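Asks:
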Amino acid sequence: MPLITYRQALNEALAEEIERDPNVFIMGEEVAEYNGAYKVTEGLWKRFGDKRLIDAPISETGFLGLGVGAAMMGLRPVIELMFWSFAYVAFDQIINNAATVRYMSGGKIKVPLVIRGPANGGTNVGSTHSHTPEMFLANQPGLKVVAPATAHDAKGLMKAAIRDDDTVCVMENTLLYGEKGEVADGDFVIPLGKAEIKRAGTDLSIIAHGRSTITSLKAADILAKEHGINAEVVDLRSIRPLDVQTILESVSRTHRAVIVEENKPFCGVGAQIAYIIQDEAFDELDAPIKRVSSLDAPQIYAKHLEDIMIPDANRVVKTALTIC
Amino acid sequence: MPLITYRQALNEALAEEIERDPNVFIMGEEVAEYNGAYKVTEGLWKRFGDKRLIDAPISETGFLGLGVGAAMMGLRPVIELMFWSFAYVAFDQIINNAATVRYMSGGKIKVPLVIRGPANGGTNVGSTHSHTPEMFLANQPGLKVVAPATAHDAKGLMKAAIRDDDTVCVMENTLLYGEKGEVADGDFVIPLGKAEIKRAGTDLSIIAHGRSTITSLKAADILAKEHGINAEVVDLRSIRPLDVQTILESVSRTHRAVIVEENKPFCGVGAQIAYIIQDEAFDELDAPIKRVSSLDAPQIYAKHLEDIMIPDANRVVKTALTIC
Amino acid sequence: MTKKPDPVQTPEVPASEAAEHDVIYAESPVNKALPPEQRIKLYTDMVRIRIFEDRSLRVYQQGKIGGFLHLYNGQEAVAVGTVSLLGKDDHVITAYRDHGHAIAVGMEMGPLMAELMGKATGCSKGKGGSMHFFAPEKNYWGGHGIVGGQIPLGLGIAFALKYKGLEGCCLAYMGDGAVNQGAVHESLNMAALWDLPIIFVIENNQYSMGTSQHRSSAAEPLAKRADGYGMDWAIVNGNSLYEVRARTAEAMERAKKTGRPTLLEMRTYRYRGHSVADANAEKYRTKAEVESYKQSRDPITVFKNELIREGILNDDLVEAIALKVKEEVEASVQFAEASPLAEPATIFEDVYSEVDAPQADPANEGRIFFNLDGEWDGRTRKEFVHPDDENEPSS
Amino acid sequence: MTKKPDPVQTPEVPASEAAEHDVIYAESPVNKALPPEQRIKLYTDMVRIRIFEDRSLRVYQQGKIGGFLHLYNGQEAVAVGTVSLLGKDDHVITAYRDHGHAIAVGMEMGPLMAELMGKATGCSKGKGGSMHFFAPEKNYWGGHGIVGGQIPLGLGIAFALKYKGLEGCCLAYMGDGAVNQGAVHESLNMAALWDLPIIFVIENNQYSMGTSQHRSSAAEPLAKRADGYGMDWAIVNGNSLYEVRARTAEAMERAKKTGRPTLLEMRTYRYRGHSVADANAEKYRTKAEVESYKQSRDPITVFKNELIREGILNDDLVEAIALKVKEEVEASVQFAEASPLAEPATIFEDVYSEVDAPQADPANEGRIFFNLDGEWDGRTRKEFVHPDDENEPSS
Ligand SMILES: Cc1ncc(C[n+]2csc(CCOP(=O)(O)OP(=O)(O)O)c2C)c(N)n1
Ligand SMILES: Cc1ncc(C[n+]2csc(CCOP(=O)(O)OP(=O)(O)O)c2C)c(N)n1
Ligand SMILES: [Mg+2]
Ligand SMILES: [Mg+2]
C-alpha cells in the first residue's frame with residue numbers, strides 16, 4: 378500500500394472519478410489554473426482541461442447553486458469551497474436547495490452533488506476563517522456529512538461521495554493535508570455511514586471525527602503508557618449517516634465514553650452522540666459521558682491561544698482521567 | 378395584568394423601546410407601510426414614521442449587515458426577518474460580523490443588535506419556510522438566543538434584547554402570535570439567561586423552549602390527569618445564555634428528564650441540554666434522558682403530516698411514559 | 021479575453037398598450053409562423069391558468085388548502101408566451117408563483133390541485149405544496165420558495181446544457197423584488213462571463229408584496245442592470261403574448277447560437293394579493309390601478325381580441341373554450357378530493373436515496389440516517405409507525 | 021418617487037500614466053489647497069506603509085507571524101489619498117488587506133505589529149490578527165476577512181450617519197474580486213435607493229488571488245455596474261495620489277451635500293503575492309508586468325517625483341524620511357517583541373458584555389454563557405485556568 382498524503386489521496390480520488398465518469402467536474406475559486414488554494418486539485422487542470430476544472434468568481438451562492446442545478450440535470454459536480462467558512466454566505470443554496478429539492482419534489486429530482494473543502498481551526502487565521510459547520514449541515518435531513526481523518530479514508534470517502542446520489546458535504550482539514558498514510562491500492566470506496574475502530578480497547582471509548590481522531594489516538598497512547606488505561610478510538614468518519622451500532626457496541630464494552638471534536642461545543646456533534654449513547658446505552662454507562670471540544674469562544678488568532686482552544690491529546694487525557 | 382396577545386406584547390415592547398431610546402429603529406421587509414407580514418409592527422410606522430420604521434428591499438444580507446454597521450456606530454437596530462428561514466441567505470453577516478466583531482476587535486466594538494422574526498414549522502408552508510436555526514445560532518459564541526413562549530416573556534425578553542449590548546436573536550413563532558396571556562403592567566425586562574418553571578412538579582422534568590413549552594404544559598396536564606404523574610415544566614426562555622442551574626435543580630428533584638423542542642433532532646438544542654444534564658447530574662438520573670423533536674425529515678407541506686412531524690402533547694406523554 | 025460584442029439594449033416601445041403590441045408583434049416571424057390552432061392553444065392555456073387559479077382560491081377559502089397560495093392571475097402571457105417556444109432541450113425554473121408555468125409546460129391539473137390539498141397523488145406527493153411544483157420530465161425544475169434562490173439553479177441548468185453540448189437554454193424567472201437578492205447578481209455575472217445559454221426573465225408585476233418597485237430598486241429599468249455585465253437586455257410588454265414570444269424567441273436564438281444570455285424585463289401586473297393571506301392587497305395600490313389593468317390591459321382579453329381581429333376566434337369558440345376549461349378544472353378538484361391523504365410513513369421517504377432503496381447496495385444495511393423520535397434509528401424506516409394513531413393536531 | 025438626477029459617469033482619462041495624472045490633478049482644488057508639509061506627510065505615510073509591510077514580511081519569514089498576511093505594497097496611494105480627506109464624521113471600513121488603511125487613519129505601528137505577532141498589546145489583543153485591525157476611535161471599523169462582507173457594514177455606518185443627522189460619509193473598500201459577491205450588489209442598491217452617504221471604493225489591483233479581472237468579471241469597467249442603480253461612478257488612476265484625492269473629494273462632497281453615493285474604481289496593482297502564502301504569485305502574471313508597475317507607475321516614486329518637480333522634496337529629505345520611517349518601523353517590531361503574549365484567560369473575554377462586567381448588573385449572577393471543556397460553566401470564567409500548563413501544541 379502506497380504511503381501518500383491526505384492531499385494526494387484526495388487528488389487521486391478526484392482524478393480517478395473525473396476519468397471514470399464524464400459527468401464529474403470540479404468548480405471553485407482557484408481550483409484550476411492556480412491548482413487549488415491548498416493544492417488539492419494540483420495538476421488536474423493541466424490533465425483534464427477547462428471543461429472539467431473551472432475557476433469561479435468569488436460568488437459562493439452563485440456557484441454552489443450552479444452545482445445544484447447541474448446536479449439536477451444529471452451531472453456530478455464537485456464544488457470546492459476554499460474554506461467551509463465561506464459557506465456562510467451561501468448556506469441557503471445548501472440547505473434549501475441541495476438538501477431539500479429531492480424531498481419537495483416528492484423524489485422526482487436527485488442532487489448528486491459534492492461540496493468539499495477544509496473546515497478547521499488551528500491555522501492561526503482567526504474566527505472568520507476557522508468555522509466547523511458540520512453540526513449545522515448534519516442537522517439538515519437530506520444532507521450527508523463526512524469528515525475523513527486519514528489519507529485512506531479521505532480517498533475512499535471522497536470517491537463514495539462523488540458516486541452518491543445525494544448531496545455529500547466533505548469536511549477536510551488543512552492541518553491534515555500534509556499528513557501521510559497508507560492508502561489501499563486501486564479503486565475502492567468507503568461506504569458513507571460506517572465508523573471505524575482505529576484502535577481497539579477495553580476501558581474507555583474515545584469517539585471522534587476528522588482530525589480529532591488523530592488527537593484521540595495520541596491521547597490513547599498516553600493513556601496506555603502513562604496511566605495503564607486501554608482506550609478504544611472510534612472514528613466516526615461519517616457524521617450523517619451515523620454508525621450508531623459501532624458506537625453503542627464500543628460503549629457497551631468499555632462503559633465509558635469521551636467524545637472529542639473540534640466543533641464549538643454548544644449543540645456540537647458531540648452533544649448529539651452523547652445524547653444517543655445515554656439514551657440507548659444508559660445502563661451500560663459507569664460514568665457520565667464527557668466531551669472535549671474547541672473552547673467556547675470565537676476562534677482566536679494568536680497561535681499560542683488557539684493551540685489551547687483546540688482539543689489536544691493532553692486535554693483528552695485529562696478529561697478521560699476524570700471518568701476512569 | 379392585561380390579557381394581550383403575544384403579537385401585541387411584542388408590539389408594545391417595540392413601541393416602548395422606540396419611545397425610550399432614540400437610537401432604536403426597526404428595519405425589514407414590509408415592516409413599515411404594510412404593518413409587518415405578521416402584523417407584529419402594526420401601527421408603528423403610522424406612529425413613529427419613516428425614520429424609525431424602514432421597509433427594506435429583499436436583501437437580507439444587505440440589511441442585516443446594515444444593522445451590524447449601524448449598531449457598531451451606537452444605534453440599536455431591530456432587524457426583522459420575515460421568517461428566520463430567510464436568514465440562510467445571510468448567515469455570514471450574523472456569524473462573521475454580528476457575533477464576532479466584538480471579539481476580533483479585542484472588545485473595542487460592540488454590536489447591540491436585535492434580529493427577530495418567526496422560526497417555526499407547523500404552518501403548512503413546506504421545508505424552505507419552516508426552519509428553526511436556534512441550534513446553529515446558539516452554537517456561535519458571541520450570539521445570544523431567546524425563544525419566548527408566552528406574551529409576558531415575549532415582551533420582557535424583547536425589551537431586554539433591545540437594551541442588551543450584544544447581538545440577540547429573538548426566535549418568535551407565528552403559531553403563538555395570536556395566543557393571549559397576562560402581561561405585567563408597565564416597563565419590565567426579563568433578563569436573558571433565566572429559565573422559568575412554568576409548572577412545578579416532582580416526578581419528571583420536561584424541559585422546553587418556545588412553543589414546545591406550551592406543548593409540554595398540555596402534556597403535563599395529561600400526565601397528571603390520566604397517569605398520576607406530576608411533571609415539572611422548565612421553560613428555558615433563553616437558550617444562550619442558558620440557565621443550567623434551574624435545569625439541574627429540577628432534574629435533581631425529579632430524576633427524570635424529557636426535552637421537547639421543535640428543532641430537527643440532530644445536534645438540536647435538546648442534544649446539548651441532554652449532554653449537560655447527564656454530565657452534571659449523572660447520579661441523579663433514574664432513567665435515560667429522552668427527547669421529543671420535530672421528525673427528522675425536511676419539513677413537509679401536507680398539514681396532516683406536518684402535525685405529526687411537530688411534537689404534540691401526545692408524543693410528549695408517550696415519551697414520558699417510557700421513563701416513568 | 022476575446023472582446024465580446026456590445027450588448028444589445030432594447031428599451032420599451034414607448035407609450036403603447038398591450039393591445040397595440042399584440043398587433044405589432046403579430047408580424048414578427050415567430051408569431052407569423054403560428055398556425056391558427058396553435059394560436060388558439062395559446063389562448064386556451066392562458067384561460068386554463070386563470071380558471072385554475074380562481075378555482076384554487078375557492079378551494080383555499082373552503083379551508084382545503086393551507087399555507088401560502090400565490091396566484092398568477094394577470095401574468096398569464098408571460099408563462100404561456102415564453103414556454104410556448106420551448107424545444108426539447110429548453111428548460112424552465114421559477115419562484116413560488118409557479119402554477120402558471122406548471123400548467124404552461126403541460127403538467128396535468130389533477131396532481132397540481134392534489135398537491136395543493138396535500139394529497140398522496142399530488143405532483144410532489146404533498147411534500148412541496150403550492151410553492152414547489154416540479155416536473156423534470158417536462159424540463160420544469162420548480163417552483164422555489166426562497167426569493168432569488170432559484171436563479172443560481174437556472175444557471176446550473178444552463179451550465180449543464182453547455183457541458184453536455186446540447187443546443188438548449190434555460191428560462192429562469194424571478195420577480196421585480198427578487199432582483200435585489202445577491203444570488204441574482206452573482207448569477208448574471210457568471211452567465212455573461214461564461215456565455216451560458218440562460219434567459220433571465222424578470223416578471224415585473226411592479227410590486228414585491230406591498231412594496232412598489234420604486235421603493236425597492238434604486239433605478240429603472242431593472243433590465244439595465246445587465247449592462248454592468250455586458251449582457252443583452254430588453255424591456256417587454258408582458259401582457260402582450262405576441263411580444264413576449266417575439267422577444268423571447270430572439271433571446272433564445274441568441275442563447276443557442278452564441279451562448280450569450282439575456283435579461284428580459286417583462287412588464288406585467290398581478291391582480292390578486294401577493295398571496296391569499298395578503299390582507300393588505302387593497303391598501304398598497306389603488307383599486308383604480310388594478311381596474312385599469314383588468315379593463316384595458318388584461319393579457320387574455322387583449323389576445324382574445326387580437327385573435328378575433330385575426331378571424332381565428334369568435335364568441336362561440338371563446339365560450340366553448342371556457343366551458344371545456346372549467347370542466348378540466350372541476351375534474352382536477354374532483355381528482356384531488358377523491359385522492360387519499362399521504363401516509364405518515366412517506367414522511368421519511370425521498371430524503372435519502374439509500375433509505376428509499378435499501379436493497380440497492382448491501383452496504384446500506386445498518387446505516388443510520390434518521391433520528392426517530394428519541395430512537396436514533398434509520399434501520400427501521402420501514403418499521404416506522406407514527407407516534408400515535410389517534411394523534412391530535414397540536415394546535 | 022422624486023426623479024433622481026442622471027448618474028455622473030467619469031470614465032478614465034485615456035492612455036496616460038500615473039505620473040501625468042499627478043501633474044494634471046495637482047491643479048485640482050483639493051490638492052492646490054495643500055500646504056507643503058501636508059504634501060510631505062502624504063508622501064511619508066505612503067512610505068510608512070511600504071516599509072511597515074516589508075518589515076512585517078520579514079517578521080513572518082522569521083516565523084513570528086502566522087496565518088495570513090496580505091500586504092498592501094503598490095496600492096499605497098489609495099489608502100493614503102482617500103483617508104487624507106477624512107473629516108471628523110467620515111468613516112472607513114475595508115477588507116483583510118487592511119494594514120495600509122490602518123496606518124493611514126493613524127493607528128500606531130507598535131500595536132499593529134504586536135497584533136500580527138499575537139501579543140497582548142496588539143490592537144485587537146491578539147484576537148483578530150492581520151485581517152482584523154480596528155480603531156473605532158479613529159473611525160476605522162476594520163479589517164474584515166470575508167470577501168464583500170464588510171460592504172453591508174459600511175452601508176450601516178452611512179445609514180447611522182444619516183440617522184444621526186451628521187454631515188459625514190463612509191468609505192467602504194473592496195477588491196476587484198469582491199464585486200462579484202451578492203452582498204456588494206445588495207448594498208449598492210440600498211445606498212442608491214436611500215441616498216446614503218457612502219463611497220464604494222474598488223481597489224482594482226487586477227487580480228483576485230490568481231484570477232485576473234477578466235476571468236472573474238463579465239464586463240469592464242467594474243464601476244459601470246453603478247449605472248444599474250442610477251449611482252454616480254468614476255474610474256480613477258489609483259496610483260496617482262493627487263487623482264485619488266481629487267476624485268474622492270468630489271464623491272465625498274456629493275455624499276455630504278446630496279447624500280448620494282458613488283462607486284469609485286481605483287486602478288492599481290499589488291506587488292506581492294495575494295498573501296505571503298501565495299506560492300503562485302510568479303505564475304499568474306508575468307515578471308515583466310510586475311516590473312512595469314514598479315518601474316514606471318509606482319505610486320510612491322511617482323508622487324516623490326511630483327513633489328520634487330514642485331520643489332517641495334529633494335533627495336536629502338527623501339533619505340531623511342526613509343530613515344525616520346525605518347526607525348519607527350523598527351521600534352514597532354521591538355515593541356511587539358518585548359510585549360507579553362496574551363493570557364489564556366483572555367480567551368473568554370470580549371465575547372459577552374455581561375461576562376466582561378459581571379458586577380454591572382446583579383442579574384448577571386448565575387448566568388451561563390460558556391461551555392468550558394466539558395464543564396458547562398460560565399460562572400467560572402474568572403476561575404478558568406487553561407487545561408494544562410505544560411500544554412503541548414497539538415500539531
Ligand atoms: C430570501 C427571501 N426573503 C423574503 C421572502 C418572503 N417573500 C416571499 S415573496 C416576496 C416578494 C417577492 O416579490 P417579487 O420578487 O416581486 O415577486 P412576486 O411575488 O411579485 O411574483 C417576499 C418578500 C422569501 N421568500 N425569501
Ligand atoms: C466569501 C469569501 N470567499 C473566498 C474568500 C477567500 N479569498 C480571500 S481574498 C480572495 C481574493 C479577493 O480578491 P480581491 O477582491 O480582488 O481583493 P485583493 O486581494 O486583490 O485585495 C479570496 C478568494 C473569502 N475570504 N471570502
Ligand atoms: Mg413582483
Ligand atoms: Mg484584487
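Chains as they are written, first to last, in our numbering: chain X, 378 to 701; chain C, 378 to 701; chain V, 21 to 415; chain H, 21 to 415. Heads up, the beta-carbon is just placed ideally off N, CA and C, and yes, glycines get one too. Note that the coordinates shown come from a computational prediction; the quantities given were computed from them, not determined experimentally.
Runs of 4 residues minimum, wholly inside the region 451-506 of chain X: which ones carry the alpha helix (DSSP H) assignment?
Replies: 478-481
Asks: When burial is assigned at 16 or more other CB atoms within 10 Å of the CB, is C:Y383 buried or exposed?
Replies: Against the second sequence, residue 383 of chain C aligns to sequence position 6. The residue is buried, with at least 16 neighbouring Cβ atoms inside 10 Å.
Asks: If we ignore side chains and look at the alpha-carbon of each, how far apart do H:D381 and C:S482 end up?
Replies: Walking along the fourth sequence from the start, residue 381 of chain H turns up at place 361. Walking along the second sequence from the start, residue 482 of chain C turns up at place 105. Roughly 24 Å separates the two Cα atoms.
Asks: Just checking my contact of X:D673 with H:F390 at CB under 8 Å: how many whole Å lie between their CB atoms?
Replies: The sequence position of residue 673 of chain X within the first sequence is 296, counting from 1. The sequence position of residue 390 of chain H within the fourth sequence is 370, counting from 1. With a Cβ gap of about 4 Å, X:D673 and H:F390 count as contacting.
Asks: Buried or exposed: which applies to V:N7, given that a residue is buried once 16 or more other Cβ atoms fall within 10 Å of its Cβ?
Replies: With chain V running from 21 to 415 in the structure shown, residue 7 of chain V is simply not present.
Asks: What does a CB cutoff of less than 7 Å around C:F463 pick up in its chain, not counting 5 residues either side in sequence?
Replies: Taking the first residue of the second sequence as 1, we reach residue 463 of chain C at position 86. Here the set comprises E437.
Asks: In the region 662-691 of chain C, which residue ranges form an unbroken alpha helix (DSSP H) of at least 4 residues, counting only runs that do not cross its ends?
Replies: 680-686
Asks: For the region 266-311 of chain V, which segments carrying the beta strand (DSSP E) assignment without a break, of at least 3 residues, lie completely within its bounds, in sequence order?
Replies: 282-287
Asks: Compare the beta carbon distance of X:P376 and V:I388 with 7 Å and say whether it is the shorter of the two.
Replies: It is not possible to answer for residue 376 of chain X, since the shown part of chain X is limited to 378 through 701.
Asks: Any heavy atom of ligand 3 inside 6 Å of the beta-carbon of V:G197?
Replies: Numbered from its first residue, the third sequence carries residue 197 of chain V at position 177. Checking the Cβ of V:G197 against ligand 3 gives yes.
Asks: Where C:G645 and C:I653 are concerned, what is the direct C-alpha to C-alpha distance, given to the nearest angstrom?
Replies: Position 268 of the second sequence holds residue 645 of chain C. Position 276 of the second sequence holds residue 653 of chain C. Approximately 13 Å between the Cα atoms of the pair.
Asks: Looking at V:N209: is its Cβ nearer than 7 Å to the Cβ of H:N225?
Replies: As a working mapping, residue 209 of chain V is identified with position 189 in the third sequence. As a working mapping, residue 225 of chain H is identified with position 205 in the fourth sequence. No.
Asks: Within its chain, find whatever has a CB closer than 8 Å to the CB of X:D530; leave out the 5 residues flanking it on each side and keep chain order.
Replies: Here residue 530 of chain X refers to the residue found at position 153 of the first sequence. Excluding residues within five positions, the ones whose Cβ falls inside 8 Å are I567, E573, D612 and R614.
Asks: Evaluate V:S312 with the Cβ neighbour count: other Cβ atoms within 10 Å of its Cβ, from every protein chain shown; 16 or more gives buried, anything less gives exposed.
Replies: Residue mapping note: residue 312 of chain V aligns to position 292 of the third sequence, counting from 1. Around the beta carbon of V:S312, fewer than 16 other beta carbons lie within 10 angstroms, which makes this residue exposed.
Asks: If you drop the 5 nearest sequence neighbours on each side, which residues of the same chain put their C-beta closer than 6 Å to that of X:R429?
Replies: For the purposes of this step, residue 429 of chain X is identified with residue 52 of the first sequence, where counting begins at 1. Answer for X:R429: I395 and F402, listed in chain order.
Asks: What do you reckon, is the C-beta of X:S462 under 6 Å from a heavy atom of ligand 3?
Replies: In the first sequence, residue 462 of chain X corresponds to position 85, counting from 1. No.
Asks: In the DSSP assignment, find the unbroken beta strand (DSSP E) run with V:D252 in it and report its ends.
Replies: The residue you call residue 252 of chain V lines up with position 232 of the third sequence. Taken as a continuous stretch (DSSP letters only), the beta strand (DSSP E) holding V:D252 covers D252 to N257.
Asks: In angstroms with no decimal places, state the Cα-to-Cα distance between C:V488 and H:K184.
Replies: Here the question's residue 488 of chain C lines up with position 111 in the second sequence. Here the question's residue 184 of chain H lines up with position 164 in the fourth sequence. C:V488 and H:K184: Cα-Cα distance of roughly 17 Å.
Asks: Mind listing which residues of the region 534-548 of chain C have their C-beta closer than 8 Å to chain H's C-betas, in chain order?
Replies: D541, D542 and D543
Asks: Going straight from the alpha carbon of H:T22 to that of H:G248, what length do you get?
Replies: If you number the fourth sequence from 1, residue 22 of chain H lands on position 2. If you number the fourth sequence from 1, residue 248 of chain H lands on position 228. Legend: pLDDT at H:T22 = 47, less than 50; position of this residue unreliable, value from coordinates given subsequently. Distance between the alpha carbons of H:T22 and H:G248: 18 Å.
Asks: So, is H:Q354 buried or exposed, given that buried needs 16 or more other C-beta atoms within 10 angstroms?
Replies: In the fourth sequence, residue 354 of chain H corresponds to position 334, counting from 1. That one is exposed.
Asks: Give me the residue from C:D620, C:W461 and C:A475 with the minimum Cα distance to C:N640.
Replies: Start at 1 with the first residue of the second sequence, and residue 640 of chain C comes out as number 263. Cα-wise, what sits closest to C:N640 is C:W461.
Asks: So who's on the other strand from V:Y193, going by DSSP bridges?
Replies: Stepping through the third sequence from its first residue, residue 193 of chain V is reached at position 173. Paired residues: V:V221.
Asks: So the beta strand (DSSP E) C:R617 belongs to, where does it begin and stop?
Replies: Mapped onto the second sequence, residue 617 of chain C falls at position 240. Segment S615 to R617, the beta strand (DSSP E) holding C:R617.
Asks: With C-beta atoms as the reference, is X:Y415 less than 7 Å away from X:Y554?
Replies: Indexing the first sequence from 1 puts residue 415 of chain X at position 38. Indexing the first sequence from 1 puts residue 554 of chain X at position 177. Closer than 7 Å, so yes.
Asks: Looking at the C-beta of V:P172, does it have a partner C-beta in chain X at a distance below 7 Å?
Replies: Stepping through the third sequence from its first residue, residue 172 of chain V is reached at position 152. At least one C-beta of chain X is nearer than 7 Å to the C-beta of V:P172.
Asks: Name, please, each residue of chain C whose Cβ falls closer than 8 Å to the Cβ of H:K145.
Replies: Against the fourth sequence, residue 145 of chain H aligns to sequence position 125. Those are G483 and G484, listed as they occur along chain C.
Asks: In whole angstroms, what is the alpha-carbon distance linking H:T141 and X:Q676?
Replies: Position 121 of the fourth sequence holds residue 141 of chain H. Position 299 of the first sequence holds residue 676 of chain X. Taking the straight line from one Cα to the other gives about 19 Å.
Asks: Would you mind sorting C:N388 into buried or exposed? The rule is 16 or more other CB atoms within 10 Å of its CB.
Replies: The sequence position of residue 388 of chain C within the second sequence is 11, counting from 1. C:N388 comes out buried.
Asks: Less than 7 Å between C-beta atoms, sequence neighbours within five positions excluded: which residues of the same chain meet that for C:V621?
Replies: As a position in the second sequence, residue 621 of chain C is number 244, starting the count at 1. Contacts found: I653.
Asks: With 7 Å as the threshold, decide whether the Cβ of V:Q201 is near any Cβ in chain C.
Replies: Locating residue 201 of chain V in the third sequence gives position 181, counting from the first residue. It does; some Cβ of chain C falls within 7 Å.
Asks: Using 6 Å as the cut-off, classify the Cβ of X:E717 as near or not near the heavy atoms of ligand 2, replying yes or no.
Replies: This structure leaves residue 717 of chain X out entirely; chain X is present only between 378 and 701.
Asks: If distances are taken between C-alpha atoms only, which option among X:K602, X:N473 and X:D432 comes closest to V:Q170?
Replies: By 1-based counting over the third sequence, the position of residue 170 of chain V is 150. It is X:N473.
Asks: Would a check of beta-carbon distances place H:L91 closer than 7 Å to chain X?
Replies: For this step, residue 91 of chain H is matched to residue 71 along the fourth sequence. Chain X contact via Cβ: absent.
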